[in-house]
Amino acid sequence: MRYVCFLLLALLLAACGSPTTSGPYPQNPAISDAQGHPRDSTTFYFPVADTLHDAYLPEEKRPDGIYYNTDIRFADCADELKHASYVLNYFDAPVLSNYYLGADIVRFLWLRSFHRPVLLTLRHDSAGTTLNTRLLDKIPGFQIITVQHPDSLSPTASDYTRKRTRKRYNESMADPEFQKLVAEGKRRARRVETEETTVAVSPEQWQQFQRLLRTSRFQQLPACKPRPGMLDGAYWLLETHRADGYHMAARQTPDATDPFRQACAYLIELSSARGEKRY
């Protein structure tokens, strides 16, 4: 009897330490806790399967001699979603793909190449619907800005080159604007809490947004649809978090007539970020 009790206890403890696959959410404690807090700053916020698309061709199946191509078959969304996860962590945002958090949530992450990130979170439950707007004060990441030191020049550099390099180095070190630029490149991005807002969303506005989602066939959209070769623009990432499951779709600079973009744009119009530059 004692052996059976110990065996049952061991099985119970093993079950508590392992992710459960029952239901629409994986509930993996290695990703986040039940409140959505990520395990750490390196947490990947999205299902791994969302990094690929149906046309993706694995590296071992690609033709020989191809190193770079704008063909969508050779592109995935891994890097973009890693960056999106990185930014969401700066926003102190919960992971929506791992546990159901007790309310229907729609989250729109807007990552623009030349402007600060925006995060809109629409929350719908029995108490009503609200839309929260958050912004960062700069694009997250650290930029190393430096000027060549004259001692780094080649031994064969001319006296003129050495003189010019030293002059530029000394001027830069004494320039407060250059020092400010260096410090800004090293500074961590911050939430602009003075610009954060939470507004009530009416039942009519909620229903209109649901209609736009249906028009875009959002639940059927593939999560990943890369545009290889496009380096600048804006990344529009929309997540839905419901009791019956999670879905995400992300697009690089979607066309203004795209129903997916129109659904996202409706959220922007409802938010305090409506005046932000769109592209």
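Mind the numbering: the sequence shown is residues -22 to -1, 1 to 257 in mature numbering (1 follows the signal peptide of the UniProt record, and there is no 0), read in order. Here a beta-carbon is modelled for each residue, glycine too, at the ideal position from N, C-alpha and C.
DSSP places VAL160 in the helix class (H, G or I) of the three-state scheme. Excluding residues up to 5 positions away in sequence, THR111 and THR175 lie with their Cβ nearer than 6 Å to the Cβ of SER250 in the same chain. Check the Cα spacing between GLY207 and each of GLN13, ASP28 and ARG51: the tightest is with ARG51.
ARG101: member of the beta strand (DSSP E) spanning 96 to 103, first to last residue.
Beyond the five residues adjoining it in sequence on each side, PRO128 comes within less than 8 Å, by CB distance, of ARG140, THR143, ARG144 and TYR147 in the same chain, given in chain order.
Note that the C-beta distance between ASP54 and TYR68 is not below 8 Å. DSSP, read as helix, strand or coil, puts TYR23 in coil. For ALA152, the secondary structure class from DSSP, reduced to helix, strand or coil, is helix. Comparing C-alpha distances from GLN198 to each of GLU182, PRO181, TYR224 and GLN185 shows the shortest one belongs to TYR224. Counting along the chain, no beta strand (DSSP E) covers ILE50, and no H or E run does either. Rounded to whole angstroms, the Cβ separation of PHE86 and LEU98 is 4 Å, and the two are in contact under 8 Å.
If you look at GLN230, you'll find it isn't in any alpha helix (DSSP H); it sits in the beta strand (DSSP E) that goes 223 to 230. Taking C-alpha positions only, GLN188 is separated from PHE92 by approximately 30 Å. In this structure, DSSP gives HIS93 a state outside helix and strand, which the three-state scheme calls coil. Following the DSSP letters along the chain, one finds LEU113 inside the beta strand (DSSP E) bounded by residues 106 to 113. Judged by DSSP secondary structure, LEU74 falls outside any beta strand (DSSP E); it is assigned neither H nor E. When DSSP states are grouped into helix, strand and coil, PRO16 belongs to the strand group. Contact between LEU109 and VAL65 fails: their C-beta atoms lie close to 19 Å from each other, not under 8 Å.
In this structure, PRO237 keeps its C-beta atom at 8 Å or more from the C-beta atom of HIS31. Take ILE246, set aside five residues on each side of it, and the residues of its chain with a beta-carbon closer than 6 Å to its own are ARG252, in chain order. No residue range can be given for LEU131, since it is assigned to no beta strand (DSSP E) and is classified by DSSP as neither H nor E.
Beta-bridge pairing by DSSP links GLU217 to ARG85 and MET226. Taking 8 Å as the cut-off, the Cβ atoms of ASP103 and ASP82 count as close. Taking C-beta separations shorter than 6 Å and ignoring five residues to either side along the sequence, the partners of THR218 in its chain run VAL84 and HIS225, following chain order.
Residue state for ARG192 is assigned as helix, using DSSP reduced to three classes. DSSP places THR124 in the coil class of the three-state scheme, outside both helix and strand.
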